[in-house]
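Numbering (mature numbering (1 follows the signal peptide of the UniProt record, and there is no 0)), first residue to last: -22 to -1, 1 to 124.
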């Protein structure tokens, strides 16, 4: 039971430690469209709206992609290092069992340029991770798709 609680707590802290955000139809970066995430005189009502939207949205933006977006910089840094709590959370979210988490992290590290390239794009990162899992026989058998 303790082995489950520690990763669950880690995932909870990482995902909710970042700022609240609204995620609408893949429009992560726009501050001029849709809801004004943290622009235009933010107050308690805007913060509440964004917090509610981030945990209750049913658009094509799922939790995994939202996690990749909100924690992108940390994930990028930890992929470069080959370890870290965001990588552990990412491995859990992709369904990799504990036995292959080191291989998962190292596979991402070896393919750093392919995953991150020149632009910050959580959707490209998500697709790249899925391709790497599919191309690695151990990860393909041990990780389930998101």
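Backbone N, C-alpha and C fix where the C-beta goes; we use that ideal spot for every residue, glycine too.
| Item | Value |
| --- | --- |
| Three-state secondary structure assigned by DSSP to residue 122 | coil |
| Burial state of residue 44 (16 or more Cβ within 10 Å) | buried |
| Simplified DSSP assignment, three categories, for residue 110 | helix |
| Beta-carbon separation (whole angstroms), residue 106 vs residue 93, contact threshold 8 Å | 4 Å |
| Integer-rounded CB distance, given that residue 53 should sit under 8 Å from residue 68 | 6 Å |
| Residue 56 classed as buried or exposed, judged by whether at least 16 other C-beta atoms fall within 10 angstroms | buried |
| Closest Cα partner of residue 62 within the set 84, 108, 98, 41 | 84 |
| Proximity below 8 Å, CB of residue 116 to CB of residue 81 | yes |
| Where residue 64 falls, given that 16 or more other Cβ within 10 Å makes a residue buried | buried |
| Residue span of the alpha helix (DSSP H) that contains residue 79, given as start and end | 79 to 88 |
| Contact check, residue 87 vs residue 58, beta carbons under 8 Å | yes |
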